[in-house]
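This report refers to the structure that appears directly beneath it.
Residue numbers (our numbering): 134 to 299.
In structure tokens:
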């Protein structure tokens with residue numbers, strides 16, 4: 134299992150779940166959220182400006198009423214399975230899109246670049262054991278890419294090792 138792929142999938146799925154939940158929480162009313170944030174800023178400005186206690190209490194009550202008008206936690210709780218489904222779908226989409234290009238059948242060019250990079254690091258010579266130990270290619274992928282490169286004349290075989298043709 135590829136740890137970065139799993140991490141990105143989990144983060145994106147959970148992020149989508151939280152975004153969907155928050156959208157359900159305010160019933161999609163982003164303008165109401167912005168209005169609430171402006172009002173909260175005004176209440177903070179009143180408090181910082183030294184307003185009297187009665188004015189601050191009235192502002193806090195007005196802010197609480199606005200928050201209660203915008204938010205709907207019961208609806209968000211009922212829609213939690215839908216939010217989880219959205220998160221799961223986004224996670225599945227990211228899992229598919231984040232898939233290793235080297236693992237795909239049509240990714241021979243990427244696999245060949247991996248082999249070339251290993252060969253250059255080893256001075257132009259390498260074995261299948263070197264390829265297995267120092268590259269993300271599986272044994273089957275390593276044999277297939279070296280066979281393709283041998284057929285195309287980019288590698289030659291010297292016993293158990295391969296040599297780049299320059």
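Even for Gly, the Cβ is constructed at its ideal location relative to N, Cα and C.
Thinking C-alpha only, which one of the options is nearest residue i?
i	options	result
residue 208	145, 299, 155 and 146	155
residue 259	142, 277, 193 and 292	292
residue 308	228, 296 and 269	Coverage of the chain is limited to positions 134 through 299, which leaves residue 308 absent and any answer about it impossible.
residue 193	206, 228 and 178	178
residue 157	137, 205, 198 and 294	205
residue 210	151, 221, 229 and 284	151
residue 170	276, 180, 183 and 199	199
residue 283	263, 270 and 245	245
residue 163	183, 181 and 202	202
residue 141	187, 270, 229 and 243	229
Beta carbon of residue i, beta carbon of residue j: below 7 angstroms?
i	j	result
residue 288	residue 267	no
residue 265	residue 272	yes
residue 173	residue 196	yes
residue 143	residue 219	no
Report back the beta-carbon spacing between residue i and residue j to the nearest angstrom; my notes put them in contact at under 8 angstroms.
i	j	result
residue 176	residue 166	With 8 angstroms as the limit, residue 176 and residue 166 do not qualify as a contact, their Cβ atoms being about 16 angstroms apart.
residue 146	residue 224	3 angstroms
residue 278	residue 248	5 angstroms
residue 216	residue 136	About 26 angstroms; that fails the 8 angstroms criterion.
residue 242	residue 255	That belief does not hold up - the Cβ atoms of residue 242 and residue 255 are roughly 21 angstroms apart, past 8 angstroms.
DSSP three-state label for residue i, please.
i	result
residue 157	helix
residue 295	strand
residue 287	coil
residue 255	coil
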